[in-house]
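Residue numbers (our numbering): 81 to 275.
Quick reminder that beta carbons are idealized off the backbone N, C-alpha and C, glycines included.
Here the structure is a predicted model, which means the values were calculated and not measured.
Worksheet: one structure, shown below.
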Ligand SMILES: CC(C)(COP(=O)(O)OP(=O)(O)OC[C@H]1O[C@@H](n2cnc3c(N)ncnc32)[C@H](O)[C@@H]1OP(=O)(O)O)[C@@H](O)C(=O)NCCC(=O)NCCS
């Protein structure tokens with residue numbers, strides 16, 4: 081199901097026939113420098129089912145992100161419910177993952193802006209968070225470009241990884257609805273890219 085459209089992307093739920101493209105994107109070690117991986121077919125299939133289940137429940141998930149011009153799967157972008165044992169959770173987390181060929185073209189930020197508008201608009205959220213490992217400077221730059229602010233008091237060890245894991249430590253970024261939309265209206269204009 082197509083859920084969100086941007087100028088260049090469609091954000092939609094996952095289909096079984098996404099699997100070859102997704103596993104292909106994930107096979108590049110560079111995209112897993114800061115994320116566990118790569119994804120096997122079984123893991124990807126379980127991921128698709130879980131995201132689609134979350135979409136049914138929450139009306140948002142990490143969406144399959146497809147180039148409108150070609151139909152190619154570029155990766156995922158979206159807001160996902162997270163409920164783990166941290167002071168900032170439960171929360172809706174903005175996350176992204178693009179195949180290497182799709183970096184450096186603004187797709188992550190473009191999909192993220194649509195996700196933020198959806199979160200603060202249709203979903204009625206007051207706050208969106210994002211997190212990554214401290215060295216993932218590309219990801220942090222996207223967060224900062226979106227107006228998210230690092231909250232050092234929220235930095236944490238990711239509960240899905242053992243404390244000694246090289247990717248355990250995470251930095252927390254926050255965006256409150258009032259930060260982008262002080263007047264409580266016109267989210268589209270408030271989130272337009274400023275380049
Ligand atoms: C994190 C990740 C999504 C960031 O991708 P990215 O391509 O750097 O981010 P964007 O898609 O927003 O692109 C922004 C860059 O594109 C450039 N750009 C080119 N054309 C653009 C356009 N039309 N609009 C906006 N930016 C554009 C910008 O200048 C910017 O480059 P800069 O950061 O060097 O200034 C990507 O590195 C990735 O998928 N990594 C692997 C998975 C991962 O680590 N995910 C995060 C886990 S928390």
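Within the same chain, and ignoring the five residues on either side of residue 148 in sequence, the residues whose Cβ sits closer than 7 Å to its Cβ are 88, 89 and 90. At a Cβ-Cβ threshold of 8 Å, residue 271 and residue 260 count as neighbours. Counting every other CB atom within 10 Å of its CB across the protein chains shown gives residue 85 a total below 16, marking it as exposed.
With respect to the 8 Å criterion, residue 192 and residue 226 are classified as neighbours on the basis of their beta carbons. Taking every protein chain shown into account, the CB of residue 217 has fewer than 16 other CB atoms within 10 angstroms, so this residue is exposed.
In the structure shown, residue 227 falls within a coil segment according to DSSP collapsed to helix, strand and coil. The shortest CA-to-CA distance from residue 145 to any of 166, 187 and 197 is the one to 187.
The shortest CA-to-CA distance from residue 184 to any of 263, 219, 239 and 268 is the one to 219.
Under the DSSP assignment, residue 253 falls in the beta strand (DSSP E) whose first and last residues are 249 to 256.
If you check the CB distance, residue 171 and residue 158 do not come in under 8 Å. Secondary structure of residue 199 (DSSP, three-state): helix.
Contact annotation: residue 109 and residue 165 have beta-carbon atoms that are not nearer than 8 Å.
Counting only runs of at least 3 residues, the region 94 to 141 fully encloses no beta strand (DSSP E) element at all.
For residue 155, the secondary structure class from DSSP, reduced to helix, strand or coil, is strand.
Taking 8 Å as the cut-off, the beta carbon of residue 251 is found no closer than this to the beta carbon of residue 114.
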